[in-house]
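Here the structure is laid out as C-alpha cells; the discussion comes afterwards.
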Amino acid sequence: MISMNVKLSKGVLMPQIGLGVYKMTDEEETIHAIRTAIETGYRAIDTASYYFNEREVGQAIKESGIAREELFITTKVWNDDQGYDNTLRAFEKSLELLGLDYIDLYLTHWPVPEKFTDTYRAIERLYEEKAIRLPGVSNHYEKHLLALENTANVQPEVNQVELHPYLQQNELRAFCKERDIAITAWSPIGKGTVLSDPLIQSIAKNKGKTPAQIVLRWHIQLGNIVIPKSVTASRIKENFSLKDFELSGSEMEKIGRLDRNGRLGANPQLDDFMKYFK
Ligand code: NDP
12 MISMNVKLSK GVLMPQIGLG VYKMTDEEET IHAIRTAIET GYRAIDTASY YFNEREVGQA
72 IKESGIAREE LFITTKVWND DQGYDNTLRA FEKSLELLGL DYIDLYLTHW PVPEKFTDTY
132 RAIERLYEEK AIRLPGVSNH YEKHLLALEN TANVQPEVNQ VELHPYLQQN ELRAFCKERD
192 IAITAWSPIG KGTVLSDPLI QSIAKNKGKT PAQIVLRWHI QLGNIVIPKS VTASRIKENF
252 SLKDFELSGS EMEKIGRLDR NGRLGANPQL DDFMKYFK
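Take the sequence shown: its position 131, counting from 1, is numbered 142 in my numbering, and each next residue is one higher.
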C-alpha cells in the first residue's frame, strides 16, 4: 500500500488528498462539507481569498475539534492583491478570516505578469518569519519558475496546476520533478468531465470502483497531490477511499493515452492569459 502523504523537499509531509472548496459559496453547505471531510479523515483543505469562504473554512476547522497541527491548510493570494506590500496585506486578511495563527502553504494564485516575482518575495518573507510553513505557487509554467530561480532564495515547495486525464502536463511535471517541486492537481476529475470517458468507465466497471476513484487513484500513483471538490457527503467519502485497490501498469498507460490538451481554465503560457479574468 502506498503512503497517502507526499514528502515535500523540506521534509514536511503533505496529505496527498485534500478537499478543494472553490465554488462553495453557501455558508452552511460549505461548513457541512468541510466537517464531513474532516470526519471522513481528510486533513488538508485547499481554499483561496478568491473563493470568499476563508471564514467558513476557519469556522469548520474550529467546530471539528481537530488539533491545528493535524491539519494542512492552503490558501492563495489573488491576482488583484499581488506585488510585495499588497501580498503581505492580503495574507493578514486571509489569516484573520481563517482565524488561524499560521498557514501551512501559501500560494501565488496566478503568475500575474510583472508582479509574480515580487509576490513570491513577500511569500518568502512570510516563510522566513514562520507565518507560513511552506511557500508555493499555482499555475506557474517553466518560464515563471525559471524567473523565480533568479529572484528567490527559497524555491516553491508546491506548484498547483490544472491536471487531469485530458490535460496531463507531462512536460511541466518532469520539470518540477527535477527541481523537487511537488505537483498538486486542480480540477483533478476535470470538474466531472472525464468521468464519462468510455475508458475510465470500463476500468471502473472491471474494478468495481467509481470513475472518480479510478481517476483519483491514477493521480495518486503518479505522485500528484489531489484536491477534489465536492459538497456531496457520499462523494466526499468516495473520493477519499482510494487505498484498497491499485491500477495496473497497463491501466495507467491507457489512461496516459487520454491526454488531449483538454484545458478547462486559463493558459498561463500565453502572454495575454490575464484576459481570461476580465
Ligand atoms: P473537480 O475536478 O474537483 O470537480 C468538482 C466537480 O465534480 C463538482 O461539480 C462536484 O460536484 C463533482 N464531483 C466531485 N466528486 C465527484 C464524484 N465522486 N462523482 C461525480 N462527481 C463528483 O474541480 P474543481 O475545479 O472544483 O477543482 C478542485 C479544487 O481545485 C477546487 O475546489 C480548488 O480548491 C482548486 N482549484 C484551484 C485553481 C487554481 O487556479 N489554483 C483553479 C480551480 C480549482 P458536487 O460538489 O456537487 O458534489
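Positions of the beta carbon are idealized from the N, C-alpha and C atoms, including for glycine.
Could you check what DSSP says for residue i in three-state terms: helix, strand or coil?
i           : result
residue 238 : coil
residue 94  : coil
residue 292 : Given a span of 12 to 289 for the chain in the structure shown, any question on residue 292 remains unanswerable.
residue 24  : strand
residue 143 : strand
residue 200 : coil
residue 277 : coil
residue 55  : strand
residue 17  : strand
residue 87  : strand
residue 68  : helix
residue 77  : coil
residue 149 : strand
residue 36  : coil
residue 253 : coil
residue 193 : strand
residue 159 : helix
residue 183 : helix
residue 31  : strand
residue 206 : helix
residue 258 : coil
residue 233 : helix
residue 269 : coil
residue 227 : helix
residue 288 : helix
Measuring CA to CA, which of the options is closest to residue i?
i           : options            : result
residue 56  : 101, 143, 116      : 116
residue 53  : 167, 288, 250      : 250
residue 281 : 150, 112, 207      : 150
residue 83  : 104, 99, 103, 48   : 48
residue 179 : 167, 112, 120, 195 : 195
residue 36  : 51, 58, 228, 15    : 58
residue 19  : 224, 274, 192      : 192
residue 60  : 17, 21, 106        : 106
residue 69  : 284, 81, 165, 45   : 45
residue 248 : 224, 233, 262, 142 : 224
residue 172 : 101, 238, 206      : 238
residue 154 : 25, 123, 137       : 123
residue 85  : 221, 234, 77, 28   : 28
residue 220 : 134, 203, 253      : 253
residue 103 : 121, 76, 65        : 65
residue 110 : 38, 67, 39, 276    : 67
residue 98  : 140, 132, 222      : 132
residue 62  : 134, 262, 38, 160  : 38
residue 50  : 26, 25, 77, 24     : 77
Please confirm whether any heavy atom of the ligand SAH lies closer than 7 Å to the CB of residue i.
i          : result
residue 32 : This structure lacks the ligand SAH; the ligands present are the ligand NDP.
Measure from the C-beta of residue i to each C-beta in chain D and report whether the shortest distance is under 8 Å.
i           : result
residue 238 : Of the protein chains in the structure, only one exists, and it is not chain D.
Segment contact, 8 Å Cβ cut-off, at least three pairs: the segment 21 to 36 with the segment 179 to 189: no
Stretch pair the segment 239 to 248 + the segment 257 to 277: three plus CB contacts closer than 8 Å: Output reads no: the segment 257 to 277 does not touch the segment 239 to 248.
contact_flag[the segment 125 to 134, the segment 85 to 96] where n(CB pairs < 8 Å) is 3 or more: yes
Any 3 or more C-beta pairs closer than 8 Å across the segment 195 to 215 and the segment 265 to 276: yes
Inter-stretch contact at 8 Å, needing at least 3 Cβ pairs: the segment 139 to 147 / the segment 102 to 122: The answer is yes - the segment 102 to 122 touches the segment 139 to 147, with three or more Cβ pairs under 8 Å.
Complete beta strand (DSSP E) runs within the segment 93 to 141 (minimum length 3 residues, chain order): 114 to 119
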